[in-house]
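Enquirer: Taking our numbering, the leading residue of the sequence shown gets 198, the next gets one more, and so forth.
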Amino acid sequence: MSKPRIVFCTKAGARSGMGHLKRCATLAGGSDNLFSSALVLKGKRGVPAAGLLGFKNMRFSEDTRKAPQADLIVSDMRDTSVRFMRRLARTAPVVSLDDGKAGKKYAHITVSALPALEEMSANFRGPGYMIFDNRIFTVPRVPYREKQGTVVSFGGSDPHNLTRTVVSCLNEIGIEPDIVRGPFFTHSLERLRGNIIDSPAHLHEIISNARLLITSFGITMYEAFYFGTPVVLFNHSSYHFLLAQSVSAINLGYRGNIGREDLVQKLAETLGDEHALREYAEKNKTLVDGKGTKRLVLVMKKALHGARRSCLLHHTTAVALKRTDEYTLFRCRKCGDLFLYDFGDGKPDYEDGYFLKEYSAQYGKTYIEDRGNIVRNGTRRITCIERLHKKCGRLVDVGCALGFFVECALKRGWKAQGVEVSLYAATWGKKHLGVDIIHDSFLDAEIPSGSCDAVTFFYVVEHFRNAEHVFEKAHRILKKGGIIAIALPNRAGISYRVNRRRYIENHPRDHYFDTTPRILTRVLKHFGFQKRKIYVSGIHPERFFGAFGIKAPIKAAQAAYTVCAKIFRLGDTFEYYGQKK
């Protein structure tokens with residue numbers, strides 16, 4: 198079996214430096230045994246060959262449209278545009294690293310190793326996902342008492358020439374530091390005193406041995422933390438100055454914010470405070486553990502098996518509404534439906550707790566205690582099916598739970614059978630009701646083709662990652678003219694319309710899509726079903742009036758709303774009844 202193909206999209210050059218490229222090289226090297234890789238490199242041409250050493254046997258491209266077909270895309274570009282990220286997401290699942298622009302909303306998984314000023318939604322966050330060059334782990338951590346010298350390093354390009362500002366101030370207090378010049382450094386260092394080191398291959402050794410590193414907020418800072426080297430920060434903007442306040446490091450200020458005399462004085466005071474330098478170094482040593490690459494490779498493996506990737510109509514553009522470390526909830530930009538991209542390890546637990554404790558928390562009583570209401574709804578549903586299919590025959594109730602609807606259908610003369618994935622529920626139904634329940638997933642259950650007169654899914658289909666497979670099998674096992682009945686939450690219901698934020702916050706972990714009667718009708722038509730009836734349920738006037746602060750509306754207003762909700766299908770749930778063509 199061939200390895201999954203990963204395409205890395207990143208930048209390098211005078212404006213972007215080498216950090217993003219090196220991070221991708223480390224990820225590619227750390228996943229070499231699991232994936233085959235390709236690289237899309239944007240930015241200045243002529244990136245030094247040394248910067249590409251981590252990419253072995255890799256195909257290179259400067260355009261995503263010319264890159265190999267990908268199973269997964271890793272985007273490490275910091276400022277991805279909406280248009281570009283949409284294009285990536287249409288191609289394959291995208292894992293986006295430390296992206297600060299609007300494009301990240303379209304990525305399937307986002308990782309924020311670096312802090313941000315504004316609250317950014319991310320699936321994974323924190324310095325535990327910081328990626329270091331693998332060579333860093335071959336360099337010994339020099340004890341603080343053996344560290345010597347001051348190092349100045351402002352990245353691969355230092356576009357704002359912070360190097361000259363800092364080194365000239367150090368020279369004024371008699372210090373001649375080691376000056377690291379990156380591969381894209383183009384500024385003059387004339388008249389500065391210090392030891393200039395050009396694009397050192399042994400930068401990590403230099404940092405580990407240094408008594409002090411002067412740099413700006415970024416990955417080099419975290420590498421110094423790992424080595425226990427004290428860090429002094431000087432940034433080019435107020436934004437990065439504020440970011441730097443999220444870590445325990447001496448923060449001098451930023452270009453334009455502090456005068457030369459004050460900068461010289463601060464540097465002198467800082468370098469003379471041995472106790473403070475040592476205290477900061479020890480505190481930051483535990484901030485990063487060097488396992489970020491392993492964590493991100495695990496995220497990449499999860500992303501390869503994530504689902505769903507689109508709405509039921511398979512539109513190609515969707516924006517993230519909610520992110521957790523197990524899933525991302527998306528909204529389709531074209532039809533408005535929601536779908537859940539699930540990459541978690543755990544499986545939903547549909548055993549006794551689901552029907553007892555969880556059900557009681559939501560409805561105020563257990564599933565067993567709610568039997569009367571379930572049977573009343575079941576009686577109405579079987580009556581509706583019988584009006585569409587005059588003759589009783591074989592009925593399969595998928596996700597039958599404890600079997601109350603199966604029992605109801607049996608009493609009406611149907612040859613009814615249930616399918617239930619929960620061992621607890623299937624066992625309870627067999628024992629207490631004496632009904633026939635197959636303990637299995639519907640997609641795995643052996644049901645002969647063309648053997649059923651009716652198949653029902655009451656609040657079940659949304660629990661399947663691939664609802665399309667469910668519709669295909671339902672069509673296959675039904676006889677011509679057979680009835681399919683589906684009950685679902687209504688994405689066009691009043692709860693979603695009047696309080697979308699709350700709806701999203703409380704969205705069930707195991708619901709893979711949210712749709713409307715109109716869209717479901719369109720989808721099932723594609724699978725060979727003709728709509729016969731839509732029944733709007735879950736009509737709650739109090740939710741509508743409550744959204745406007747009306748706690749006790751008069752009965753006439755409630756009745757008027759109920760009529761309108763049925764006409765305009767504003768109920769929070771609905772039932773679809775269709776017939777196989």
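Note that CB positions come from ideal geometry on N, CA and C, so glycine has one too. Computed from a prediction, not measured in an experiment: that's the story for all the values here.
Along the beta strand (DSSP E) that carries Lys730, what are the first and last residues, could you check?
Expert: Mapped onto the sequence shown, residue 730 falls at position 533. Where Lys730 is concerned, the enclosing beta strand (DSSP E) stretches over Phe726 to Ser734.
Enquirer: Could you check how far apart the C-beta atoms of Ser309 and Asp295 are, in whole angstroms? I think they sit under 8 Å.
Expert: Sequence index remark: in the sequence shown, residue 309 carries index 112 (1-based). Sequence index remark: in the sequence shown, residue 295 carries index 98 (1-based). Confirmed, about 6 Å.
Enquirer: If I'm right that Lys763 touches Ile736 with Cβ under 8 Å, what's the distance once you round it to whole angstroms?
Expert: In the sequence shown, residue 763 corresponds to position 566, counting from 1. In the sequence shown, residue 736 corresponds to position 539, counting from 1. About 7 Å separates the two Cβ atoms, so the contact holds.
Enquirer: Are there 16 or more other CB atoms within 10 angstroms of the CB of His399, so buried, or fewer, so exposed?
Expert: Counting from 1 along the sequence shown, the entry for residue 399 is found at position 202. With fewer than 16 other Cβ atoms within 10 Å, it is exposed.
Enquirer: My output table needs one value for Glu549: the three-state DSSP class, helix, strand or coil.
Expert: For the purposes of this step, residue 549 is taken as residue 352 along the sequence shown, with counting starting at 1. Glu is not the amino acid found at residue 549; the sequence shown has Asp there. Helix, per DSSP.
Enquirer: What residues match up with Ile683 in a beta bridge as DSSP calls it?
Expert: Walking along the sequence shown from the start, residue 683 turns up at place 486. Phe654 and Tyr773.
Enquirer: Is Ala642 closer than 8 Å to Ile634 when the C-beta atoms are compared?
Expert: Locating residue 634 in the sequence shown gives position 437, where the first residue counts as 1. Locating residue 642 in the sequence shown gives position 445, where the first residue counts as 1. No, these two residues do not count as a Cβ contact at 8 Å.
Enquirer: For Lys301, which residues of its own chain have a beta-carbon under 6 Å away from its beta-carbon, when the five flanking residues on both sides are left out?
Expert: In the sequence shown, residue 301 corresponds to position 104, counting from 1. Ser293 and Thr307.
Enquirer: For a minimum of 3 consecutive residues, which ranges assigned as the beta strand (DSSP E) are wholly contained in the stretch 388–425?
Expert: 392–395 and 409–412
Enquirer: State whether the stretch 468–487 contacts the stretch 415–430, with contact taken as three or more CB pairs (one from each stretch) at a distance under 8 Å.
Expert: A contact exists between the stretch 468–487 and the stretch 415–430.
Enquirer: Give me the Cβ distance between Thr347 and Ile372, rounded to the nearest whole Å; I'm assuming they're in contact under 8 Å.
Expert: Within the sequence shown, the letter at position 150 stands for residue 347. Within the sequence shown, the letter at position 175 stands for residue 372. Indeed they touch by this definition, with Cβ atoms about 6 Å apart.
Enquirer: If you follow the beta strand (DSSP E) that Glu617 is part of, which residue opens it and which one closes it?
Expert: In the sequence shown, counting from the first residue as 1, residue 617 sits at position 420. Run containing Glu617: Lys612 to Glu617, per the beta strand (DSSP E) assignment.
Enquirer: Can you say whether Arg715 is buried or exposed, counting buried as having 16 or more other CB atoms within 10 angstroms of its CB?
Expert: Residue numbering aside, residue 715 sits at position 518 when the sequence shown is read from its first letter. With fewer than 16 Cβ atoms within 10 Å of its Cβ, Arg715 is classed as exposed.
Enquirer: What is the rounded straight-line gap between the Cα of Gly243 and the Cα of Arg284?
Expert: Here residue 243 is taken as the residue at index 46 of the sequence shown, counted from 1. Here residue 284 is taken as the residue at index 87 of the sequence shown, counted from 1. For Gly243, the predicted model reports a pLDDT of 47, less than 50, meaning its position is unreliable and no value from the coordinates is stated.
Enquirer: Output the boundary residues of the alpha helix (DSSP H) element that contains Ser435.
Expert: In the sequence shown, residue 435 corresponds to position 238, counting from 1. Under the DSSP assignment, Ser435 falls in the alpha helix (DSSP H) whose first and last residues are Ser435 to Ala441.
Enquirer: In angstroms with no decimal places, state the Cα-to-Cα distance between Glu443 and Met418.
Expert: Residue mapping note: residue 443 aligns to position 246 of the sequence shown, counting from 1. Residue mapping note: residue 418 aligns to position 221 of the sequence shown, counting from 1. Sequence check: residue 443 is Ser here, not Glu. Roughly 12 Å separates the two Cα atoms.
Enquirer: Please give me, in chain order, every unbroken run of the beta strand (DSSP E) with length at least 3 that falls completely inside the stretch 439–515.
Expert: 447–451
Enquirer: Taking the alpha carbon of Leu518 as the reference point, which residue from His512, Leu526 and His511 has its own alpha carbon closest?
Expert: Counting from one through the sequence shown, the residue named residue 518 turns up at place 321. Per the Cα distances, Leu526.
Enquirer: As a quick exercise: from Ser228, Cys605 and Ala756, pick the residue whose alpha carbon is nearest that of Cys589.
Expert: As a working note, residue 589 is residue 392 in the sequence shown. Nearest option by C-alpha distance: Cys605.
Enquirer: Who pairs with Leu675 in a beta bridge, going by DSSP?
Expert: Within the sequence shown, residue 675 is the residue found at index 478, counting from 1. Partner residues in the beta bridge of Leu675, as assigned by DSSP, are Cys649.
Enquirer: Bridge partners of Lys519, per DSSP?
Expert: Here residue 519 refers to the residue found at position 322 when the sequence shown is read from its first residue. Lys519 is bridged to Leu526.
Enquirer: Among the candidates Asp375, Cys532, Gly415 and Arg390, whose CA atom is the shortest distance from the CA of Ala407?
Expert: Looking up residue 407 in the sequence shown gives position 210. Of the listed residues, the one whose Cα sits closest to Ala407 is Asp375.
Enquirer: According to the Cβ coordinates, are Ile626 and Val618 closer than 8 Å?
Expert: Translated into positions along the sequence shown, residue 626 becomes position 429. Translated into positions along the sequence shown, residue 618 becomes position 421. The sequence shown places Gly at residue 626, not Ile. Annotated as distal: Gly626 and Val618, with beta-carbon spacing of 8 Å or more.
Enquirer: Return yes when the Cβ of Ser413 is within less than 8 Å of the Cβ of His433, no when it is not.
Expert: Start at 1 with the first residue of the sequence shown, and residue 433 comes out as number 236. Start at 1 with the first residue of the sequence shown, and residue 413 comes out as number 216. Yes, the Cβ-Cβ distance between His433 and Ser413 is below 8 Å.
Enquirer: By Cβ distance below 7 Å, which residues in the same chain neighbour Val363 in space, the five residues on each side in sequence not counted?
Expert: Here residue 363 is taken as the residue at index 166 of the sequence shown, counted from 1. Within the same chain, Val363 has close Cβ partners Val349, Ile411 and Phe431.
Enquirer: Per the contact definition of three or more C-beta pairs closer than 8 Å, is the stretch 706–713 in contact with the stretch 525–540?
Expert: yes
Enquirer: Mark Gln776 as exposed unless 16 or more other C-beta atoms lie within 10 angstroms of its C-beta, in which case mark it buried.
Expert: Along the sequence shown, one-based indexing puts residue 776 at 579. Under this definition Gln776 is a buried residue.
Enquirer: Report all residues from its chain with a CB closer than 7 Å to the CB of Leu439; omit the five preceding and five following residues, and keep chain order.
Expert: By one-based count along the sequence shown, residue 439 stands at place 242. Contacts found: Leu314.
Enquirer: Do the stretch 220–240 and the stretch 478–496 touch if we need at least three Cβ pairs shorter than 8 Å?
Expert: yes
Enquirer: Would you call the stretch 713–727 and the stretch 660–671 touching, i.e. three or more CB-CB distances under 8 Å?
Expert: yes
Enquirer: Nearest by alpha-carbon distance to Ala421: which of Ala222, Glu458, Asp486 and Glu466 is it?
Expert: The residue labelled residue 421 in the question sits at position 224 within the sequence shown. Closest by alpha carbon: Asp486.
Enquirer: DSSP three-state call for Ser557: helix, strand or coil?
Expert: The count along the sequence shown starts at 1 and reaches residue 557 at position 360. Three-state DSSP puts Ser557 in a helix.
Enquirer: Count Cβ pairs between the stretch 608–615 and the stretch 582–597 that sit closer than 8 Å; are there 3 or more?
Expert: yes
Enquirer: What residues match up with Ile306 in a beta bridge as DSSP calls it?
Expert: Sequence index remark: in the sequence shown, residue 306 carries index 109 (1-based). Val292, per the DSSP bridge assignment.
Enquirer: What does the Cβ neighbour count give for Ile653, buried or exposed, with the cut at 16 atoms within 10 Å?
Expert: Within the sequence shown, residue 653 is the residue found at index 456, counting from 1. A quick correction: the sequence has Thr, not Ile, at residue 653. It is buried - the Cβ of Thr653 has at least 16 other Cβ atoms within 10 Å.
Enquirer: Taking the alpha-carbon of Arg322 as reference, which of Cys597, Asp522, Leu675 and Ser692 has the nearest alpha-carbon?
Expert: For the purposes of this step, residue 322 is taken as residue 125 along the sequence shown, with counting starting at 1. Checking every option, the nearest Cα to that of Arg322 belongs to Asp522.
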